[in-house]
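A.B. asks:
Numbering (our numbering), first residue to last: 5 to 105.
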């Protein structure tokens, strides 16, 4: 069984027991989180969760930062150069169960 849910601006495909990095959530490590899935698939049956009965129960494990991304801007013939770095924050989440509410 797997489910697809959306958090932030991204969609994730998960099954029970998976650990994934999602965009930073405002929760402390150890807290329980619930998500409403967009789609749930069980063997050959697909449910689009239009009635909202399916729930994904998760647990926040840790918070961290991704690798640094460097962005370089340059204008030719003008001696203009700019280098900027960015590290995206994430929350590590463990999927406990996918069940009907």
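All residues carry an ideal CB built from backbone N, CA and C; glycine is no exception.
(1) Does the separation of the CB atoms of residue 36 and residue 61 fall below 8 Å?
(2) Could you pull the start and end residues of the beta strand (DSSP E) that residue 89 belongs to?
(3) Where does residue 19 sit, in a helix, a strand or coil, going by DSSP?
(4) Just to confirm before moving on: does the CB-CB distance between residue 40 and residue 104 stay below 8 Å?
(5) Leaving out five residues on either side along the sequence, give the residues of the same chain with a beta carbon under 6 Å from the beta carbon of residue 90.
(6) Using the Cα positions of residue 22 and residue 92, report the straight-line distance between them to the nearest angstrom.
(7) Mind checking who residue 60 pairs with in its DSSP beta bridge?
C.D. replies: The structure says:
(1) yes
(2) 84–90
(3) Correct three-state label for residue 19: coil.
(4) No; because the gap between Cβ atoms is not below 8 Å, this pair is not in contact.
(5) 73
(6) 21 Å
(7) 39, 102
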